[in-house]
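First the structure, in the form of structure tokens, and then the observations on it.
Residue numbers (the working numbering), protein chains in the order written: chain A, 32 to 132; chain B, 55 to 926.
Pasting the structure below:
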């Protein structure tokens, strides 16, 4: 099997981690994807939308307000998430599969 | 002075050093003693605190102790205290010992000076010899000598003239060996500084020149050192200094590769932006692969290659370390796997991606950078639960793609999540969590519903935390606890490493180096930064979810130092929910064999009997009393008229009760666990345990089944609870279930799976299980006959395209071979009859294999009495 296509579970043996460690893994993964998604979202937002988004942030909006806004204003926002997640997966698989195997 | 110094021969100095070592050893022992005392003090303090609190509060605070067998709990106690100990206790002990060490050192120094005539014993003033020996300034010659001894400029600057003189005199005069690695390490630090300066200035040529020098000097040094190490020597020199140097060299290489790539990336993006205009919207910000210049691709490859190199080095070092440990080969292997998934992954994936993003962000206009900084700030402010929910939602795509799922085919990520929810095929907690978290964040709904969902999610995620319910024996339980402790420490180590890295490279921080709020590095995962900078981000804390402590005995509370902002539980708003005086006492009934509705009626009657004036009872009790029993059963999840398996299933002896505060719960006699159903504030947590088809209709019904008959074969010690509408006192209504319908108790832990996935065969009689097995064998024989190669290859395969989920959804086309066609048809037939879907793989759990799914589906068919329909 192409190492890039190898399942991340096998590569990192995630199933052998403690549930808490798995949770940590998810959080770390999510944090990186959040950054990557934001970078791309920002590039596609109009100035006005950026201002509105900033206001929500200044008002400490809820997760629903933040992500709801991004979903409404950033074209293909869900696609961006999916793409960034996929990119992350490929990068992780590619690099991590070469270590210790 | 020289005359006096000559008296100090090398042997004497060594004796002095030995004495000093003894003092240090004694001091360390004293420090350990003090630490133990601090531990004991802390334990006493906590005990005293606990005694002041109501019993349930104490239980909630000490979940580990509740669930642990007594011996294990005792063993674990010191470790737990070590994690939880208050900083001031430690600091106090540390300060006392440090003062003691300082005092001893001063006394020793004084003895030394007296011995060598540097101080007057009577007056305690320095003699002429001593005064004369202290230089007033550090001369150029002294600085040069210090440099020759390996002291860098910064360190030389910090030395007093007296200290400098002492170092020169002692090291030079007695020709004490100067460790070559010390000297190299200092020089390498200088190189690092120079390299960082060059990076900052964007001077590529200078950076390359420095890099070449580093390669030349340090990589060669390492190789040269490796040779003599092969020669037999009585004491093999430790290879550590060379390893450290190599690590440093690798780190520099990694920094360099990252910077080169980021610089070219920024140039490319700047160029692209100039001409792109509206096109960036067409592409949604994504750069098509064909547009990326070859040079940039090569730089990225080089960067990845260096990251791999770094990861390999970490892995090899850890492997070597473990080989020298006393761990068994299996444990070494497991430890190495964990190290890879935790430390290495964090270092070369998470950290590197964050640093790269920070560099890329430099290209953004100031306004966009500011918003990104605020977005990260916002993320940092979220509590742990929200971060988990966001991460899980964003990882939905990863979970899908990890298991080979096609999001696009499902009509996008939301549809995928929705589909998973709708079909109820999320076979794991994370799988369910991903879908629900996505729904929670993205779907429009009322605030009330959102709050309920949030509670459900919190419960779901809490269940993901460490749970010993799966531990089969005491030994396994102890091993799990040991792993738990180790994991905690590993995280702390990782955190410390990242924090150090962040501290040294603060200028890489995304947004902050350009924004107004400088000071917080952002090149590490946000939650880790949060842990380090809690004060800068005032948190709007969400109230903690009430969790019955016995349900999640070992749910870990993150160490105080790790989760500073999430520790203090939010106080309940007492103005809105005044604390009920305990005028109402616990009311409890056993589950009735006549059904859940009858059970509710029984509880109502008992409450009514004991408290004729219900207006004094807590609000939740009053509401319970005023709600129709059937509606109550539906509300609590005891009865689901829309499902074929409409009835709750519990063992005889399980109880249903209100406590004095108005919390409604049920006690499962099989697991010994209490499950909260309605909190005193009216929050409902539905029953999610096993359900069964009490009327054998196989379909949902709006009307609760009217009659049941008791069968003689029904096991005496167990029964299920059909949701009969049974007014108290009504005669002629007898409810029970047949032996066929009376599933054996659910095994511990199974309730964590979606109820429709639970079909372990435990619910079947031995005869039925034999029938299932026979059907399984007959069907396989029918499908594949003697041609077992195909079946052998696919039956237990976890390969992405050969799992049950993939096979079932395979499109049948003309050219497909017969065996595959047969299997695909059979899997679909099983789905049609039982309604079950194969469990998809998730981020952490493998997908269900064909044989696993077939067995599960056949068992389900047997439970439904439909086995003949899937017999080929």
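Ideal Cβ placement from N, Cα and C applies to all residues, glycine included.
A residue is called buried when at least 16 other Cβ atoms come within 10 angstroms of its Cβ; residue 881 (chain B) meets this threshold and is buried. Proximity of the region 683-691 of chain B to the region 664-672 of chain B falls short of the contact definition, fewer than three beta-carbon pairs being nearer than 8 Å. The criterion of a C-beta distance shorter than 8 Å is satisfied by residue 641 (chain B) and residue 711 (chain B). Taking 8 Å as the CB threshold, residue 356 (chain B) stays off the interface with chain A. Residues of the region 391-420 of chain B with a C-beta atom less than 8 Å from some C-beta of chain A are 391, 392, 394, 395, 396, 398, 399, 400, 402, 403, 404, 407, 408, 411, 414, 415 and 418, listed in chain order. Listed along the chain, the chain A residues whose CB falls inside 8 Å of the CB of residue 428 (chain B) are 85, 88 and 89. Residues of the same chain with a CB within less than 6 Å of the CB of residue 365 (chain B), apart from the 5 flanking positions on each side, are 398 and 402 in chain order.
Restricting attention to B:395, B:440 and B:865, the CA atom closest to the CA of residue 124 (chain A) is found in B:395. Taking a beta-carbon distance threshold of 8 Å, residue 448 (chain B) counts as an interface residue toward chain A.
Shown here for residue 643 (chain B): same chain residues with a beta carbon closer than 8 Å to its own, the five before and five after excluded, namely 653, 656, 657, 660, 709, 710 and 711 in chain order. Note: residue 644 (chain B) is bridge-paired with B:709 in the DSSP secondary-structure output. Using beta-carbon distances, residue 100 (chain A) does not count as an interface residue toward chain B, since no partner is under 8 Å. Straight-line spacing of the CA atoms in residue 844 (chain B) and residue 718 (chain B) works out to 54 Å. For the region 855-886 of chain B, the beta-carbon criterion of a distance under 7 Å to any beta-carbon of chain A is satisfied by none of its residues. Cβ neighbours of residue 903 (chain B) within its own chain (closer than 7 Å, five residues either side excluded): 849, 850, 851, 852, 857 and 858. Going by beta carbons, residue 437 (chain B) and residue 66 (chain A) fall outside the 8 Å limit. For residue 731 (chain B), the secondary structure class from DSSP, reduced to helix, strand or coil, is strand. With respect to chain A, the C-beta atom of residue 903 (chain B) has no partner C-beta closer than 8 Å. If you draw a straight line from the Cα of residue 373 (chain B) to the Cα of residue 433 (chain B), it is about 36 Å long. For residue 319 (chain B), no Cβ of chain A is located within less than 8 Å of the residue's own Cβ. With distances taken between CA atoms, residue 830 (chain B) lies nearest to B:884 out of B:884, B:847, B:863 and B:871. Look at residue 722 (chain B) here: in three-state DSSP terms it is strand. Nearest C-alpha to residue 704 (chain B) among B:679, B:914, B:744 and B:690: B:744. Residue 889 (chain B) and residue 88 (chain A) have their alpha carbons spaced roughly 45 Å apart.
Closer than 8 Å to the CB of residue 440 (chain B) there is at least one CB belonging to chain A. Excluding five sequence positions before and after residue 875 (chain B), the CB atoms of its chain that fall closer than 6 Å to its own CB belong to 866, given in chain order. For a Cβ distance threshold of 8 Å, residue set 94 of chain A lies close to residue 443 (chain B), ordered along the chain. Taking a beta-carbon distance threshold of 8 Å, residue 47 (chain A) counts as an interface residue toward chain B. Residue 98 (chain B) and residue 727 (chain B) have their alpha carbons spaced roughly 29 Å apart. Around the beta carbon of residue 664 (chain B), fewer than 16 other beta carbons sit within 10 angstroms, so the residue counts as exposed.
The continuous alpha helix (DSSP H) containing residue 683 (chain B) extends over residues 683-689. Residue 431 (chain B) sits buried, since 16 or more C-beta atoms from the chains shown fall within 10 Å of its C-beta. At a cut-off of 8 Å between beta-carbon atoms, residue 125 (chain A) makes contact with chain B. Nearest Cα to residue 687 (chain B) within the set B:725, B:731 and B:662: B:731. Counting the other Cβ atoms within 10 Å of the Cβ of residue 420 (chain B) gives fewer than 16, which makes it exposed.
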